[in-house]
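Single-structure report; data block below.
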Amino acid sequence: MNNLFLQLRDAPVSAWIGILIIIFYTVIAIGAPLFAPYAESASVGAQYQPWTAPHYLGTDILGRDVLSRLIYGARNTVGIALATTALAFTLGAVFGLLAATIGGWFDVIASRAVDVLMAIPPLIFALLILTITGTSVVALILVIAVLDSTRVFRLSRAVAQGILTMDYIEVARMRGEGLFWLIRKEVLPNAAAPLIAEFGLRFCFVFLFISALSFLGLGIQPPTADWGGMVRESAKLISFANFSTWQTATFGLAPLLPAGAIALLTIGVNLVVDWVLHMSSGLKE
Amino acid sequence: MNSILSIVLKRLLIGLLTLWIVTVIIFSAIEMLPGDIATEMLGQAATEESLAAFREKFDLNRPVHVRYFAWLSGAVTGDFGISLANQRPISELIGQRTANTFFLAGYAAAISVPIAVVSGMMAALYNGSMFDRLLSNSTLAAISFPEFFIAYILILIFSVGFGWFPSLANVDVDTSLGERLYITFLPAMTLTLIVLAYMMRMTRAAILNLLALPYIEMAHLKGIKRWRVIAVHALPNALAPIINVIALNLAYLIVGVVLVEVVFVYPGLGQVLVDAVSKRDVTVVQAACLIFAATYILLNLLADILSIIANPRLLHPR
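For the protein sequence lines, the chains are A and B, in the order given.
For the first sequence, my numbering assigns the number 12 to the initial residue and increments by one for each residue that follows.
For the second sequence, my numbering assigns the number 4 to the initial residue and increments by one for each residue that follows.
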């Protein structure tokens with residue numbers, strides 16, 4: 012714990028910016044009902060209001076407060092992305108570690124299956140499966156988690172294979188330690204750093220992927236507030252924008268606000284991931 | 004020469020095997036639909052005759068493997084069957100649109116590849132310069148920004164702000180090439196910005212790896228001029244990774260096109276796919292997925308084979 016504080020103190024500015032962005036989003040997501048001035052999907056005014064009080068970021072096509080929807084969107088979009096990443100990670104890491112530790116036929120079958128899954132572009136594969144299952148949040152989480160776990164599988168398998176050639180593994184095997192003891196006590200602690208960095212990268216990927224699907228109208232369905240869906244709903248407004256007064260110019264910003272919210276969080280996570288990777292690679296400036 | 008041929012053949016075989024498995028997966032999508040398709044589409048109240056007619060029309064009476072081969076041989080010749088939703092031939096629906104999609108992806112590639120390769124080389128040669136640092140920061144933006152964010156920023160600036168380009172890329176068969184290039188400039192630009200930073204970065208890494216090798220240092224120490232070291236000594240070895248980078252990004256472009264088409268309402272295959280998914284029109288989804296997946300796999304295959312051939316070390320077997 013002490014060590015962590017020391018590392019945080021020495022963290023570069025970019026990592027601090029990343030951490031602050033993530034904390035900001037976390038607070039907003041958890042405390043959404045406290046911060047949002049209006050309810051998530053209630054019509055509270057005329058449609059397409061400009062940016063004036065009491066609707067500081069205007070209202071959308073149904074007269075819902077955009078600021079409130081942005082705040083609730085943090086909870087929905089980030090929450091679903093986090094759940095998906097956690098599931099993808101558990102699946103990929105468990106199978107990857109098992110494939111490396113057991114080896115033999117299990118490794119061959121799992122690796123070939125992953126090869127095939129990775130040969131199809133994930134967006135295309137996801138669209139194919141969502142046609143069959145229909146677009147529900149559960150289907151969305153399961154489909155993306157399985158598709159994304161392939162990359163985690165590859166990484167954790169490679170990392171574990173590197174660790175398994177070490178002498179201390181040989182010693183533990185000769186001591187007669189079991190499979191799960193080996194994974195838990197020897198492999199996992201040594202594989203932690205690259206896996207944490209990978210978690211950040213996978214989160215970014217999943218987050219962008221879900222937003223893209225919602226933008227296409229195939230992800231999180233209305234009336235749930237979601238950033239990808241908000242971009243889709245407000246996209247037409249952009250052609251009504253003109254720069255003569257600042258209030259008409261805000262129409263052009265309508266799709267950019269939720270899209271920017273997505274971009275900012277991804278940048279924050281990437282900055283932290285860069286820092287973690289830098290530390291775990293043992294490079295010190 | 005023999006060893007290189009066997010490596011290429013082996014890679015080709017694996018690629019075709021993958022492609023075949025993928026066609027099986029895509030075909031089985033229609034089998035995995037819950038319930039009976041005929042009752043699902045026509046409703047519970049459908050008569051026995053109309054159900055039979057529906058099954059006849061969509062060829063649901065024959066066993067699975069027979070239908071698979073019929074579907075595959077049709078797909079190879081461009082006949083994808085008929086749409087589940089509006090019962091029109093799929094080839095009619097997607098023919099022109101597939102061409103539009105390839106046009107857009109090709110357009111974006113024609114802009115991005117030369118810029119990426121040249122500036123990636125510059126970044127590697129002037130490693131650590133302002134230009135190099137600018138490039139590595141722009142990569143962060145490129146991997147963090149959703150495609151539609153870049154697209155709407157471009158629309159806001161160049162279409163709404165300056166009014167230089169249309170925000171809707173509406174083309175049809177009669178649009179002349181010049182006009183087509185003008186109308187699709189913003190979508191092509193969006194795709195370019197998405198892949199550019201990534202491609203530059205990979206080119207830079209490939210060349211930097213190479214420049215660190217002892218034989219390059221030896222060439223420098225012999226007093227050979229800098230440009231000659233790069234053009235004669237480094238470039239032949241850098242060709243393989245660069246070709247690989249280009250082909251991988253072309254494969255990425257083919258998929259990235261889906262979102263960009265929706266933003267700009269461009270009549271391409273991606274739009275057809277998205278519409279078909281929301282209507283759950285499985286046969287159209289299958290056709291579009293097959294085209295996208297096959298292009299993706301073939302481009303990856305091409306990347307591998309070209310980089311095997313372009314590797315000078317394999318041309319002189321020990």
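Backbone N, C-alpha and C define an ideal beta-carbon position, used for all residues, glycine too.
| Query | Result |
| --- | --- |
| Cutoff 8 Å: B/Thr101 Cβ touching any chain A Cβ | no |
| Check whether B/Thr324 and B/Leu87 have beta carbons under 8 Å apart | A question about residue 324 of chain B goes unanswered here, because the residues of chain B that appear run from 4 up to 321. |
| Contact under 8 Å by Cβ, B/Leu379 with B/Ala127 | In the structure displayed, chain B extends from 4 to 321; residue 379 of chain B sits before or after that span and is not available. |
| Where A/Ala229 meets chain B, residues with beta-carbon distance less than 9 Å | It is worth fixing the name first, because residue 229 of chain A is Leu in this sequence and not Ala. Near A/Leu229 (Cβ distances below 9 Å), the residues of chain B are Val277, Val280 and Ser281. |
| From A/Ala92, A/Ala110 and A/Pro48, residue whose alpha carbon lies closest to that of A/Ile82 | A/Pro48 |
| Test item: CB-CB of A/Ala124 and A/Phe117 under 8 Å | no |
| Cut-off 6 Å between Cβ atoms - residues of its own chain near B/Val174, not counting five sequence neighbours on either side | Arg183 and Ile186 |
| Near-chain B residues of the segment 219 to 243 of chain A (beta-carbon distance less than 7 Å), N- to C-terminal order | Leu219, Ser222, Ala223, Phe226, Leu227, Gly228, Leu229 and Val242 |
| Three-way DSSP call (helix, strand, coil) for B/Arg283 in this model | coil |
| Contact belief for B/Leu276 with B/Ala291 at Cβ below 8 Å, rounded distance in angstroms | 4 Å |
| Integer-rounded CB distance, given that B/Thr26 should sit under 8 Å from B/Leu75 | 6 Å |
| Helix, strand or coil at A/Ile278 [DSSP, three-state] | helix |
| Within-8 Å CB hit, B/Pro190 to chain A | no |
| Alpha-carbon spacing of B/Pro117 relative to A/Ile131, whole angstroms | 27 Å |
| Own chain residues within Cβ distance below 6 Å of B/Pro246, not counting five before or after | Residue identity check: residue 246 of chain B is Ile in the sequence provided, not Pro. Hits under 6 Å: Leu309, Ser310 and Ala313. |
| Supposed close pair B/Met192, B/Ala119 - CB separation, criterion 8 Å | That belief does not hold up - the Cβ atoms of B/Met192 and B/Ala119 are roughly 14 Å apart, past 8 Å. |
| DSSP beta-bridge partners of A/Ser54 | A/Arg75 |
| A/Thr235, DSSP secondary structure in three states | coil |
| Start-to-end residues for the alpha helix (DSSP H) that takes in A/Ser25 | Val24 to Ile41 |
| Contacting residues, own chain, Cβ-Cβ under 8 Å from B/Ile29 (five flanking each side not counted) | Gln289, Cys292, Leu293 and Ala296 |
| Whether A/Phe218 touches A/Leu276 by CB criterion (8 Å) | yes |
| Under 8 Å between C-beta atoms of A/Ile80 and A/Met241 | Checking the sequence, you will find Arg at residue 80 of chain A rather than Ile. Cβ atoms of A/Arg80 and A/Met241: closer than 8 Å. |
| Ranges of the alpha helix (DSSP H) found wholly within the segment 49 to 121 of chain B, counting only runs of at least 4 | 51 to 60 and 67 to 79 |
| DSSP three-state assignment for A/Thr63, whether helix, strand or coil | strand |
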